[in-house]
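Trainee: One structure follows; several queries about it will come next.
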Ligand SMILES: Cc1cc2nc3c(=O)[nH]c(=O)nc-3n(C[C@H](O)[C@H](O)[C@H](O)COP(=O)(O)O)c2cc1C
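Residue numbers (the working numbering): 7 to 389.
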């Protein structure tokens with residue numbers, strides 16, 4: 007590696023974790039778990055991103071409470087029995103030279119939706135009861151995100167404390183399962199996001215009203231997890247930098263929140279948006295190329311914390327420009343990685359920094375380097 011090595015392929019160190027590059031695979035729900043237990047699908051789905059050269063792979067939103075899964079077949083870390091199945095995944099990713107994190111989530115008032123490929127809509131409480139599994143929709147106030155959702159129960163102060171404990175216990179299990187990084191899903195209208203926004207939070211106690219009060223759950227949960235999560239491992243927080251609702255949570259609020267999260271030991275703010283009042287697919291932030299990058303840029307500059315940009319980042323040159331322009335420290339790739347699990351390898355090729363195909367695991371890279379010399383001869387008309 008030289009000074010000319012693209013930033014995307016320069017290592018980055020977060021606490022004691024060094025990532026070989028700045029390509030992160032964004033968490034993506036698979037709705038394919040047996041009561042929270044990941045299986046073969048997850049080993050392959052996540053493993054191929056690691057083989058393909060990403061610096062860090064995130065497991066999808068992983069429930070801290072079975073009643074608060076986003077979708078009906080989401081994975082979870084609410085039980086010690088879930089540690090070993092996750093250990094299979096982390097062991098595999100480590101065996102191919104990758105690093106892996108997990109995103110912990112509590113769906114709040116948006117618990118219990120159908121699979122995304124079925125539409126991702128709210129299931130009725132009756133349909134959820136018919137699964138025979140526990141479900142509960144809770145929020146800051148008895149207000150549904152939209153007409154399709156049932157009205158959530160207003161959380162008591164005891165509920166808030168019990169959920170903090172669940173996040174902490176899940177973080178301890180994530181450590182036991184061998185994860186290198188942890189992300190708290192505090193965006194997309196789920197529990198913590200619903201406390202942040204004045205649109206969904208109408209409380210009059212210490213958790214509602216002023217912005218400081220609405221941030222209390224977010225800061226307390228992050229601080230509690232930080233105390234439990236090993237000091238040497240980084241903690242990410244995904245927020246909706248703007249919640250996509252009129253008079254809701256905005257970018258000024260997110261800058262202040264990021265400063266406060268930094269003060270309690272959060273290392274990276276993962277800058278997403280939307281999802282509060284309608285489902286994420288209906289967010290009113292226009293979804294163009296790199297549409298959330300400006301959120302990351304401003305939070306990084308003004309809060310002085312590392313950020314991860316996400317959303318319609320298509321290729322290596324675009325990702326490299328985001329890093330070079332100081333708009334983010336890491337780039338997260340979602341759907342493009344579903345299309346091309348070797349996204350990092352293709353990015354390195356496009357940026358001309360990987361002549362020997364060292365980004366992809368050597369079992370493939372060895373042959374791709376040989377293939378390249380053949381391809382060159384074909385291109386030059388010598389074969
Ligand atoms: C199939 C799928 C599942 C997703 N699941 C999650 C999730 O579990 N947690 C989360 O924070 N975002 C989730 N997202 C959002 C992605 O992490 C990412 O932020 C979004 O797709 C935008 O990035 P992209 O344009 O690169 O796909 C999901 C997206 C997709 C396509």
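For glycine and all other residues, C-beta sits at the position ideal for the given N, C-alpha and C.
#1: When you compare the stretch 176 to 196 with the stretch 229 to 249, are there three or more beta-carbon pairs, one atom per stretch, that lie closer than 8 Å?
#2: Are the CB atoms of residue 246 and residue 199 within a distance shorter than 7 Å?
#3: Quick check: the Cα distance between residue 132 and residue 240, rounded to an integer number of angstroms?
#4: Is it true that the stretch 98 to 106 meets the stretch 53 to 70, where meeting means three or more beta-carbon pairs spaced less than 8 Å apart?
#5: Assign residue 230 to one of three DSSP states: helix, strand, or coil.
#6: So is residue 376 buried or exposed if we call it buried at 16+ other beta carbons inside 10 Å?
#7: Kindly indicate the opening and closing residues of the alpha helix (DSSP H) around residue 30.
#8: Tell me the DSSP secondary structure of residue 159 in three-state form.
#9: Here's the rule I'm using: 16 or more other beta-carbon atoms within 10 Å means buried, otherwise exposed. How should residue 249 be labelled?
#10: Examine ligand 1 and report whether any of its heavy atoms sits within less than 6 Å of the Cβ of residue 112.
#11: Here's the rule: buried if 16 or more other CB atoms are within 10 angstroms of the residue's CB, otherwise exposed. What is residue 326?
#12: Quick check on the burial criterion: 16 or more other C-beta atoms within 10 angstroms. Buried or exposed for residue 57?
#13: Indicate, with yes or no, if ligand 1 has a heavy atom lying under 6 Å from the CB of residue 278.
#14: If you draw a straight line from the C-alpha of residue 135 to the C-alpha of residue 141, how long is it?
#15: Between which two residues does the alpha helix (DSSP H) holding residue 15 run?
#16: Considering only heavy atoms of ligand 1, does any lie closer than 6 Å to the CB of residue 66?
#17: With a 10 Å radius around its C-beta and 16 neighbouring C-beta atoms as the bar for buried, classify residue 383 as buried or exposed.
Mentor: Reading from the atomic positions:
#1: Yes: at least three Cβ pairs fall under 8 Å.
#2: Contact flag set, yes.
#3: 40 Å
#4: yes
#5: Three-state result, residue 230: helix.
#6: exposed
#7: Careful: residue 30 lies outside any alpha helix (DSSP H), inside the beta strand (DSSP E) at 29 to 31.
#8: strand
#9: Residue 249 comes out buried.
#10: no
#11: buried
#12: buried
#13: Remark: the C-beta of residue 278 is in contact range of ligand 1, defined as less than 6 Å to any heavy atom.
#14: Residue 135 and residue 141 have their C-alpha atoms roughly 7 Å apart.
#15: Segment: none, residue 15 is in no alpha helix (DSSP H) and carries neither H nor E.
#16: Yes; taking the cut-off as 6 Å, the Cβ of residue 66 has a heavy atom of ligand 1 nearer than that.
#17: exposed
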